[in-house]
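If you want the working numbering, it's the 1-based position in the sequence shown plus 462. The beta-carbon is built from N, C-alpha and C at its ideal position, and this holds for glycine as well. Heads up: the structure comes next, in structure tokens.
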Amino acid sequence: MSTVIENLLLRKQKLVEQLEEAPSVEDRDRIEHQLEQINTALDFLDRPGPREGR
């Protein structure tokens, strides 16, 4: 599972770098949408499972 999180964090970092250099509004919108999806996935993966809460 940590590999998935590491990959998401790496992808997020690359997207943030691209966002800083994005030349058009369309590019920025696309990147921001991808960042939202990654943040949602990270939030989901970070939640404790039913067994971890005990």
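CB residue i to CB residue j, shorter than 9 Å?
{"i": "Leu507", "j": "Ile467", "result": "yes"}
{"i": "Ala503", "j": "Leu472", "result": "no"}
{"i": "Ile493", "j": "Gln480", "result": "yes"}
Out of the options, point me to the one whose CA is closest to residue i's CA.
{"i": "Lys474", "options": "His495, Pro510, Arg509 and Gly511", "result": "His495"}
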